[in-house]
Amino acid sequence: MHLLDLSNIVKKGVADAGLAPMQFNTIGVSDGISMGTTGMRYSLQSREVIADSIETVMQGQWYDANISLPGCDKNMPGVMMAIGRVNRPSIMVYGGSIAPGCASTQNNADIDIVSAFQAYGQFITGEINEEQRFDIIRHACPGGGACGGMYTANTMASAIETLGMTLPGSASNPAESRAKQLECLAAGGAIKNLLKLDLRPRDIMTRQAFEDAMVLVMITGGSTNAVLHLIAMADAVGIKLTIDDFQAVSDRTPFLSDLKPSGKYVFNDLHTIGGIPTLLKFLIKEGVVKGEHRTVTGETLKKNVESAADFPSDQTIIKPFSQPIKPTGHIQILRGSLAPGGSVGKITGKEGLRFTGKAKVYDAEDLFIEALERGEIKKGEKTVVVIRYEGPKGGPGMPEMLKPSSAIMGAGLGKDVALITDGRFSGGSHGFLIGHIVPEAMEGGPIGLVRDGDEIIIDAEKRVLDLNVHEDTLATRREQWEANRPAPRATRGTLAKYARLVSDASHGCITDGEDTVALH
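The opening position of the sequence shown corresponds to residue 8 in our numbering, with each subsequent residue numbered one higher.
Listed below in structure tokens is the structure:
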């Protein structure tokens with residue numbers, strides 16, 4: 008919406024620095040538009056298309072350097088994967104976060120894209136009427152910029168700033184602010200300096216830089232998509248990150264940020280108290296972020312934030328270490344009989360740490376929504392909703408389950424329902440959520456053997472996701488599954504190619520690595 012205007016400012020800055028700017032575009036999929044539709048199958052797959060297309064133009068035209076302006080969830084890791092592969096001096100300029108919306112029917116409280124999805128659950132349970140729902144939808148997104156909470160876009164922008172691949176403040180400078188325009192203008196001089204220094208992405212994105220980025224994700228309650236994307240970005244620069252690395256960071260890192268979706272504030276509120284530079288200064292002072300790696304300024308991350316303001320004494324967005332929201336991280340890696348290859352839980356603590364319930368199984372996202380509309384999910388009944396065949400190969404494309412998770416919360420079922428899936432979750436999702444289940448149903452994973460009424464045990468403290476069904480029963484079900492193996496949903500085109508090449512979620516859903524395995 009505003010990225011072309013920002014790119015023209017970048018182009019001017021490059022020309023002012025005495026360099027020759029050349030513009031080219033890549034594709035983008037808006038998750039806010041595709042969410043809850045079959046279009047969402049193209050979202051994660053677009054990350055690979057973006058990376059491949061930027062690599063193709065950079066290598067094919069032999070450009071000396073790259074300044075990329077992504078503005079949404081998959082665009083940023085796609086850009087960073089290409090930057091890592093090509094390894095020429097590069098800077099990312101984040102498109103910035105949207106301002107919060109405001110609806111008269113909601114007492115003029117801040118609303119955003121997630122409010123619009125939760126309004127659906129409120130509507131089907133009669134909590135709000137059609138007029139109120141329409142008012143929320145119309146006013147949730149008032150201008151340009153990425154979704155405004157600590158959702159995937161802001162998570163990735165913050166992580167990439169911590170990695171050192173943006174100018175200071177890029178993650179938190181609002182989309183339509185003067186600060187964002189000045190950042191764009193400054194990128195030209197910064198890229199010239201990188202060319203002089205011959206400072207390349209692989210010099211910046213070190214193992215320690217990724218460790219610092221993972222800490223930032225845990226501190227801020229960032230999106231579970233960061234697990235997929237940081238693994239993929241690290242692979243692009245020759246660093247092997249695993250889901251167990253995230254667990255190790257989570258175990259030692261508290262959750263401090265009262266940001267949406269689980270909290271009260273939006274990202275622009277963080278900007279008003281100093282933004283990501285002030286947060287990084289605070290975390291470096293506390294010793295949880297090292298900040299010793301170089302960045303696109305030529306200086307270390309620690310040096311970059313030395314002059315940042317301190318947090319105001321009366322701010323309540325970032326909690327002190329002595330009073331964390333949760334003493335360890337919200338991202339938990341669970342394994343067990345239902346996820347022997349791993350799964351990713353988003354457990355902020357508000358939902359509790361353990362959930363046991365009876366399964367209700369749906370072989371597609373829309374089948375669950377139809378069941379919810381019919382009133383099949385009841386308050387007071389401990390239910391584990393299983394949405395399967397939505398993995399990277401089965402979806403294909405591993406779509407996000409924001410519509411189901413938001414509908415559950417909007418319907419007031421957050422205390423009674425857990426949701427597990429071989430798909431993934433939007434950064435805007437909250438509740439008792441377990442995604443990224445490996446192996447996925449399409450690959451014969453145990454999630455494909457679950458039936459209505461089975462008992463499922465989720466224990467975030469023991470990091471267990473178990474199906475309480477006897478092995479003999481599962482063996483019989485597996486024979487039946489093998490005899491009726493589902494056909495691929497996509498047999499031609501880009502999704503078919505993606506399904507054939509993509510690795511599992513525990514390996515970042517990449518399509519060009521040694522862990523990519525063809526669907527069999």
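Cβ atoms here follow ideal geometry from the backbone N, Cα and C, with glycine treated the same way.
Through-space distance from residue j to residue i, alpha-carbon basis
i           : j           : result
residue 427 : residue 474 : 12 Å
residue 290 : residue 296 : 6 Å
residue 559 : residue 429 : There is no way to answer for residue 559, as the model of the chain reaches only from 8 to 527.
residue 360 : residue 472 : 12 Å
residue 423 : residue 365 : 11 Å
residue 520 : residue 453 : 25 Å
residue 513 : residue 112 : 42 Å
residue 445 : residue 336 : 21 Å
residue 526 : residue 228 : The predicted model places residue 526 with a pLDDT of 47, which falls under 50 and marks its position as unreliable, so this point remains unresolved.
residue 60  : residue 409 : 28 Å
residue 87  : residue 94  : 10 Å
residue 418 : residue 292 : 42 Å
residue 41  : residue 196 : 37 Å
residue 371 : residue 420 : 20 Å
residue 425 : residue 33  : 37 Å
residue 214 : residue 476 : 41 Å
residue 131 : residue 380 : 6 Å
residue 478 : residue 216 : 44 Å
residue 90  : residue 210 : 12 Å
residue 189 : residue 153 : 19 Å
residue 27  : residue 98  : 16 Å
residue 83  : residue 347 : 30 Å
residue 66  : residue 21  : 20 Å
residue 181 : residue 357 : 29 Å
residue 71  : residue 499 : 36 Å
residue 284 : residue 175 : 6 Å
residue 458 : residue 407 : 22 Å
Cβ distance (whole Å) where residue i is taken to contact residue j below 8 Å
i           : j           : result
residue 252 : residue 221 : 7 Å
residue 412 : residue 438 : 5 Å
residue 324 : residue 266 : 7 Å
residue 187 : residue 103 : 5 Å
residue 144 : residue 126 : 7 Å
residue 488 : residue 451 : 7 Å
residue 338 : residue 353 : 7 Å
residue 244 : residue 233 : The Cβ separation is near 16 Å, so there is no contact.
residue 171 : residue 302 : 3 Å
residue 331 : residue 263 : 6 Å
residue 85  : residue 146 : Actually they are not in contact, since the Cβ atoms of residue 85 and residue 146 sit about 30 Å apart, beyond 8 Å.
residue 308 : residue 298 : 4 Å
Beta-ladder partner(s) of residue i, from DSSP
i           : result
residue 392 : 367 and 426
residue 109 : 117
residue 456 : None; residue 456 has no bridge partner.
residue 351 : 340 and 442
residue 99  : 75
residue 269 : DSSP output for residue 269 lists no bridge partner at all.
residue 153 : 104
residue 346 : 343
residue 463 : 364 and 474
Exercise for review: Would you check if the stretch 198-205 and the stretch 126-140 touch, i.e. whether three or more CB-CB distances between them fall below 8 Å?
Suggested key: no
Review point. Just checking, does the stretch 160-167 make contact with the stretch 50-65 on the three C-beta pairs under 8 Å criterion?
Key: no
Check your understanding: What are the complete alpha helix (DSSP H) segments, minimum 4 residues, inside the stretch 233-311?
Key -> 250-259, 274-279, 282-293 and 308-311
Review point. When the Cβ atoms of the stretch 229-245 are set against those of the stretch 119-136, are three or more pairs found closer than 8 Å?
Key: no
Review point. Which ranges does the alpha helix (DSSP H) cover as unbroken runs of at least 4 residues, wholly within the stretch 126-208, from first to last along the chain?
Key: 137-146, 159-170 and 185-204
Practice item. May I ask you to verify whether the stretch 311-325 touches the stretch 395-410, counting CB pairs closer than 8 Å and requiring at least 3? Key: no
Review point. When the Cβ atoms of the stretch 151-162 are set against those of the stretch 260-274, are three or more pairs found closer than 8 Å?
Key: yes
Exercise for review: Assess, as a yes-or-no matter, whether the stretch 457-468 is touched by the stretch 384-395 under the definition of 3 or more beta carbon pairs within less than 8 Å.
Suggested key: yes
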